[in-house]
Every structure is written in structure tokens, then in C-alpha cells.
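Asks:
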Amino acid sequence: MKRGYRPHGTILGKFLSAVCIGILLGLFVTIVVVERGKGFGAIAAGPWTGWPRNGTSDTDPYTRAILAYSGEMSLSESEGMSFVAHGDSNGAEFDPACDYALMGEIPSSRYWTVTLLSPAGAPIANAAGRPGFTSSEVLRASDGQFEITLSRHARPGNWLPMGAAAKFILVLRFYDSELDAPGAALDAASMPGLIKSRCE
Amino acid sequence: MNQIDRLLAALLWLLGVLAIAGITHIVAIFALPEIAAKDTYARISELAKPGQLTILPPSRPDKQVMPFADPAMVQSVCPFDLSQGGLRLHADVEGGRLLTFSFRTSAGQVFYSMTDLAAQQGKIDVVVLTAAQLEIVEAEDDEDDPSQDLRLIAPEPQGFVIVSALAVYQSDKADAEERVKSTACAVEQVVQD
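Going down the list, the protein sequences come from chains U and L.
Quick note: the first sequence, position 200, residue 206 per our numbering, numbers continuous.
Quick note: the second sequence, position 110, residue 131 per our numbering, numbers continuous.
#1: For a cutoff of 9 angstroms on Cβ pairs, would you count residue 93 (chain L) as touching chain U?
#2: Can at least three beta-carbon pairs, one atom from the segment 73-84 of chain U and one from the segment 46-65 of chain L, be found at a separation below 8 angstroms?
#3: Can you name the start and end residues of the alpha helix (DSSP H) that residue 158 (chain L) belongs to?
#4: For residue 198 (chain U), collect the residues of the same chain with a Cβ closer than 7 angstroms to its Cβ; drop the 5 residues on either side in sequence, then sort them by chain order.
#5: When you compare only the Cα positions, how much space is there between residue 177 (chain L) and residue 99 (chain U)?
#6: Rounded to whole angstroms, what is the Cα-Cα separation between residue 41 (chain U) and residue 91 (chain U)?
#7: Can you name, in chain order, every residue of its own chain whose Cβ lies under 6 angstroms from the Cβ of residue 8 (chain U), other than the five neighbours on each side?
#8: Are the Cβ atoms of residue 90 (chain L) and residue 140 (chain U) separated by less than 9 angstroms?
#9: Distance, Cα to Cα, residue 154 (chain U) vs residue 49 (chain U)?
#10: List the residues of chain U that residue 190 (chain L) touches, going by C-beta distances under 8 angstroms, in chain order.
#11: Going along the chain, which residues of the segment 15-38 of chain U sit with their C-beta nearer than 7 angstroms to a C-beta in chain L?
#12: Using Cβ-Cβ distances below 9 angstroms, what residues of the segment 76-109 of chain U are close to chain L?
#13: Distance cutoff 9 angstroms, beta carbons only. Does residue 210 (chain L) sit that close to anything in chain U?
#14: Ignoring anything shorter than 4 residues, give me the alpha helix (DSSP H) runs that lie fully in the segment 14-70 of chain U, in order along the chain.
#15: Can you tell me whether DSSP reads residue 4 (chain U) as helix, strand or coil?
#16: Consult DSSP for residue 85 (chain L) and reduce its assignment to one of helix, strand or coil.
#17: DSSP puts residue 155 (chain U) in a beta bridge; with which residues?
#18: With a cut-off of 8 angstroms on the beta carbons, I'd call residue 41 (chain L) and residue 28 (chain U) a contact; round off their distance for me.
#19: Output, in chain order, the set of chain B residues within a Cβ distance shorter than 9 angstroms of residue 70 (chain U).
#20: With a threshold of 16 other CB atoms inside 10 Å of the CB of residue 95 (chain L), please say whether the residue is buried or exposed.
#21: Report back the beta-carbon spacing between residue 85 (chain U) and residue 136 (chain L) to the nearest angstrom; my notes put them in contact at under 8 angstroms.
#22: Is residue 194 (chain U) close to chain L? Criterion is C-beta to C-beta, closer than 9 angstroms.
#23: Would DSSP call residue 75 (chain U) helix, strand or coil?
#24: Would you say residue 200 (chain U) and residue 101 (chain U) are within 9 angstroms of each other, going by their C-beta atoms?
#25: Using only alpha-carbon positions, find the residue among U:142, U:52, U:30, U:106 that is nearest to residue 119 (chain L).
#26: Starting from residue 99 (chain U), follow its DSSP beta bridges and name the residues at the other end.
#27: Mind pulling the chain U residues with CB within less than 9 angstroms of residue 78 (chain L)?
#28: Check each candidate in L:206, L:101, L:125 and name the one with the smallest Cα separation from residue 146 (chain L).
#29: Only counting the same chain, and skipping five residues up and downstream in sequence, which positions put a Cβ closer than 7 angstroms to that of residue 66 (chain L)?
#30: When the Cα atoms are used, what is the spatial distance from residue 122 (chain L) to residue 194 (chain U)?
#31: How about residue 89 (chain L): is its C-beta nearer than 9 angstroms to some C-beta of chain U?
#32: Just the C-alpha distance for residue 160 (chain L) and residue 105 (chain L), rounded to the nearest angstrom, thanks.
#33: So the candidates are U:158, U:176, U:163; which of them puts its Cα closest to the Cα of residue 152 (chain U)?
Rendered as C-alpha cells:
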């Protein structure tokens, strides 16, 4: 056998295997990226993450693919802005065995709503029939401050029931807000905190 | 074939795999919204006909028309197909209560949006047109009595409008539904003389 000689079959085999493995790898990476659900241009403020330019025509291709994959009709710029929390202010993921308190500053807007959803975006059934709170529904102290308690069990005050969900997320929406205006500074201090209290 | 040759061949093969993976990834990311667009528009067309405003059923744990929808919002959808004519949207806005409109392509991407705050004298009048239809409409304009309509050019002939009203209290659902229903959405013929 001459040095360097390779039968055509091997070259073709190598080529085909590279194409197949390459395509599989590319699709796998795409699924991982889209499932993770994080595009560019996200704003993080404490436990909350928001995408200011979602839904508009100048979003990046990743955000567009992620939105298309999830089926979400994200709020447009002039409607408002939404934020998602997957865990508490300390960065720990939500544990349905624990109670959480949503409290602190809230940016000004015409209305806001806070909603408990499954990670796939479905409402979670609960005996109280309460999917969330709107800014008008929430009970406030005389100084305007409020606290919403997330718990599996009935709690006094603003109780947001978790139902029997094993995993959940919180969505905070601001309608008619100036949050996506250029220069609108947003940090952990200007958004409500999520404090873990007692656990079962 | 000595060892260096073999190593180079393996390296070349690996580079080939990575290049193909990269191309596949980019193509998939760009193709996903296109594939999903057909799905979204098909789902919406099942619920509503073009030029017809239909209230979306509220999301339930086992069935949701639109994932991540705000349960405090009453949402309705009005699909449009501009090959059949323009789409006219009219709403009378009553003070202070949130009503939002988002004009979307078939993939759900927003090309225009507004809230009740954009109303002029308590009215919102929007006409969605193709570029060719806009030319026809503009040619027919009366210079002394300009139209008060807001004219939008849709980037593609098919799409939909989402009209939503906020029920600030759970007991306000019926009222919010009324506000959404009072929005008129109809096909408007655009004919050249």
C-alpha cells in the first residue's frame, strides 16, 4: 500500500459522519439555548429579569426564536414591560415548601400585576381561585407599602396561593410605564424583593 | 500514515463538525420564528376569522391559547388578511381604563402598538393596509377634509391585532370583556376607481 492512500469509502464515511454529527450538535445547541430562554439585552434587577425590546421588530434573532418557541405574545413597548423571577432575592430557586414575601419598592406605572405561573406559562390551579394580584387589588398599609405572601397555605393579608405546583415562576407586569425609556435606570433597589421566610 | 497525519486528519474532521454545527445552529435560530409563525397564525385562524374580533378563552391550567398571558387581562384577537382588503379598527375609549392594541405579523411580532391614552377625542380609528392599498386610499383623500384615521402599513399581508382590557378587580372581568367587545374590527374594501 502506498503511503497516504485512503480508499474513497473511508473519506466519504468521514465526510458523512462529520455532516451528521455536525447537524445533530447544531440542533442540540439550538434546543439548549432556546429552552434556557435567555436572549440578549436582558435587564436584571434583583430577582427579576426583563427584556425591554421584546416583541418589537428590532429584537435579536435569539430572542425572536425563544419567543416563537414558547408561543408567548410578549408585551409591546407602548403596552408595558414584563419581568420574570425564577427565584428569591438571594438567588436561590423557588421552593414550593417555603413561604415568600414580595415587598419593597415598585416602579411607578399606571397599573401593575403580579402573577404566579408554571415555568411553561400555564396558570396553576389553586383552591382560592386567585392567579395573582393587580395594583388595585393589593391591600396596603397606611403609608402605601404592601406585602404579598406566597404560600401553599392560607395566610392573612395579601395571600398568593401556590397551589400544588412543584415549580413556579412569578411574572411582574407594568402597564403604561416609562421603564423601557432610554436612560430609565433599574436596579435591585427599585424593584420589589422576594424574601424567603419559613419552610415546612 | 504517521501520527501527525492522523492527528491533522482528526483535527480537520473536528473543524468540519464544528463548522457544520455552527451553520445548522444559525439556520435553526433563523428558521424557528418562520416555522412557529405558521403555527401561531393557524392557531389564531382556528379561533377567529379575518375581520372578526373574538375573545380568547381564559387560560386554564390544562389548556392555554397563549402561554404567559396575564390572567387579569381580557384578550381578544382580530386576524387580518390584506389580500381581501384593508382592516379597520374602531374603538370608543372611556376615561382612564386600560385598553391596549398591538398590531402583529403572523409570527406575533409587533409592528405597532398603542393604549387608550393615544385616543383622540375619545376615539381610536386605525386602518391597516399594504403599501399599494395606502397609495389608492391616499389618492382618494379629500384635501379640505383630511381623514383622521391612523394608517398603518403592515410588513406582510397576514397578521393579527390583539385588543386587551385590564380587569383591575377579579369582579371586573365582565366589564373588561364589554370594553374589548365594543371595539369594532372589520374588513374595509379598497378599490381603485
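Don't be surprised by glycine CBs; every beta carbon is placed ideally from N, CA and C.
Replies: Let me spell this out:
#1: True, the Cβ-Cβ gap to chain U drops below 9 angstroms.
#2: Yes: the two stretches touch, three or more of their Cβ pairs being nearer than 8 angstroms.
#3: For residue 158 (chain L), the enclosing alpha helix (DSSP H) covers residues 152-160.
#4: Answer for residue 198 (chain U): 108, 109, 110, 111, 112, listed in chain order.
#5: Their backbone Cα atoms lie some 42 angstroms apart in a straight line.
#6: One alpha carbon belongs to residue 41 (chain U), the other to residue 91 (chain U), and they sit about 16 angstroms apart.
#7: Model confidence at residue 8 (chain U) stands at a pLDDT of 47, short of 50, so the residue's coordinates are unreliable; what they give is reported in the following sentence. The beta carbon of residue 8 (chain U) sits closer than 6 angstroms to no other beta carbon from its chain once the five residues preceding and following it are set aside.
#8: Not a contact, by the Cβ cut-off of 9 angstroms.
#9: Computed Cα separation, rounded: 23 angstroms.
#10: Within 8 angstroms Cβ-Cβ: 140, 142, 143.
#11: Near chain L, meaning a CB-to-CB distance below 7 angstroms, the residues of the segment 15-38 of chain U are 20, 24, 25, 27, 28, 29, 31, 32, 33, 35, 36.
#12: The residues in question are 76, 77, 78, 79, 80, 81, 82, 83, 84, 85, 86, 88, 90.
#13: It does not; no Cβ of chain U falls within 9 angstroms.
#14: Within the segment 14-70 of chain U, the complete alpha helix (DSSP H) runs of at least 4 residues are 14-42.
#15: For residue 4 (chain U) there is no data in the structure shown, the boundaries of chain U being 7 and 206.
#16: Looking at residue 85 (chain L) - three-state DSSP - the assignment turns out to be coil, as it is neither helix nor strand.
#17: For residue 155 (chain U), the beta-bridge partners assigned by DSSP are U:107, U:165.
#18: Right, their Cβ atoms sit about 3 angstroms apart.
#19: Any reference to chain B falls outside this structure, whose protein chains are U and L.
#20: Taking every protein chain shown into account, the CB of residue 95 (chain L) has 16 or more other CB atoms within 10 angstroms, so this residue is buried.
#21: Rounded, the Cβ-Cβ distance is 6 angstroms, consistent with contact.
#22: At a cut-off of 9 angstroms, the C-beta of residue 194 (chain U) has no neighbouring C-beta in chain L.
#23: In the structure shown, residue 75 (chain U) sits in a helix (DSSP, three-state: H, G or I).
#24: Contact: no.
#25: Nearest neighbour of residue 119 (chain L) by Cα position, chosen from U:142, U:52, U:30, U:106, turns out to be U:142.
#26: Bridge partners of residue 99 (chain U): U:93.
#27: When 9 angstroms is used as the limit between beta carbons, residue 78 (chain L) is near no residue of chain U, the shortest such separation being about 12 angstroms.
#28: Looking at the Cα atoms, L:206 is the closest of the given residues.
#29: Its chain contains 100 as the residues whose beta carbon lies nearer than 7 angstroms to that of residue 66 (chain L), once the 5 sequence neighbours on both sides are disregarded; these appear in chain order.
#30: Each residue's alpha carbon lies about 31 angstroms from the other.
#31: So, interface residue.
#32: The alpha-carbon separation between residue 160 (chain L) and residue 105 (chain L) amounts to approximately 20 angstroms.
#33: It is U:163.
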